Amino acid sequence: MVKKKLFYTGWNFKCGYGEWLLIDALKKLLTASDVVAFPIIIVDAKEGAVKFYENFDFKSFYDAPNKLFITVATV
Numbered sequence: 000m001v002k003k004k005l006f007y008t009g010w011n012f013k014c015g016y017g018e019w020l021l022i023d024a025l026k027k028l029l030t031a032s033d034v035v036a037f038p039i040i041i042v043d044a045k046e047g048a049v050k051f052y053e054n055f056d057f058k059s060f061y062d063a064p065n066k067l068f069i070t071v072a073t074v
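In numbering that gives the first Met the number 0, the protein residues as written are 0 to 74.
Structure (structure tokens):
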């Protein structure tokens, strides 16, 4: 799901700044993963932001619902 959005270069007015910032961060992490191997990306989300990350296929840890992760392979 994220991969389609990562390489989209046009402007989408329905897309908020948070989405653009996340996509930019994931692009940079993908580039870094070519040099330094890491299997997952972990986010420590604020209370109301969990659903936002879940829209991008992030999964929450069982013992910490505000900590979410996504595999580099998924990105």
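Beta carbons are placed, not taken as given, at the ideal position from N, Cα and C, and that holds for glycine. Remember, predicted model here, so these are calculated numbers, not experimental data.
DSSP beta-bridge partners of residue 73:
Within the sequence shown, numbered from 1, the residue matching residue 73 stands at position 74. Partner(s): none; residue 73 has no beta bridge.
Which full runs of the alpha helix (DSSP H) of 4+ residues lie inside the region 19 to 68, going along the chain?
Segments of the alpha helix (DSSP H) lying fully in the region 19 to 68: 49 to 53.
Using the beta-carbon count (16 or more within 10 Å), is residue 57 buried or exposed?
Looking up residue 57 in the sequence shown gives position 58. Looking at its Cβ environment, which holds 16 or more other Cβ atoms inside 10 Å, residue 57 is buried.
Please list, in chain order, all residues of the same chain as residue 46 whose beta carbon is under 8 angstroms from its beta carbon, the five residues on each side excluded.
Counted from its first residue, the sequence shown places residue 46 at position 47. Excluding sequence neighbours, residue 46 sits near 65.
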